[in-house]
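Numbering (this note's numbering), first residue to last: 52 to 119. From the three backbone atoms N, C-alpha and C, an ideal C-beta is built for every residue, glycine too. Quantities reported herein were computed from a predicted structural model and do not represent experimental measurements. Below is one structure; the comments refer to it alone.
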């Protein structure tokens with residue numbers, strides 16, 4: 052589910068989940084338990100930074116500019 056995510060993307064995902072949980076606790080005045088469903092609810096709002104094109108370009112550059 053996190054294909055194309057950078058470490059920063061994953062950190063942002065966790066921040067968004069934490070914010071969502073906080074908002075749920077404020078609204079309900081009860082503890083909110085973060086589950087896998089919470090992540091699947093938030094995931095569509097977080098875009099991966101690495102597209103297939105970016106990865107392909109990086110691979111080409113790695114071949115072109117690496118030392119042998």
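Indicate whether residue 72 and residue 89 have their beta-carbon atoms separated by less than 8 Å.
The answer is yes: Cβ separation under 8 Å.
Could you have a look at residue 56 and say whether DSSP puts it in helix, strand or coil?
Reduced to three states, the DSSP call for residue 56 is coil.
Can you find the residues in the same chain that come closer than 7 Å, C-beta to C-beta, to residue 85, ignoring five residues on each side of it along the sequence?
Excluding positions up to five away in sequence, the list reads 68 and 72.
Is DSSP giving residue 64 helix, strand or coil here?
Reduced to three states, the DSSP call for residue 64 is helix.
Classify residue 93 as buried or exposed, calling it buried when 16 or more other Cβ atoms lie within 10 Å of its own Cβ.
Looking at its Cβ environment, which holds 16 or more other Cβ atoms inside 10 Å, residue 93 is buried.
Classify residue 116 as helix, strand or coil using the three-state DSSP reduction.
Reduced to three states, the DSSP call for residue 116 is helix.
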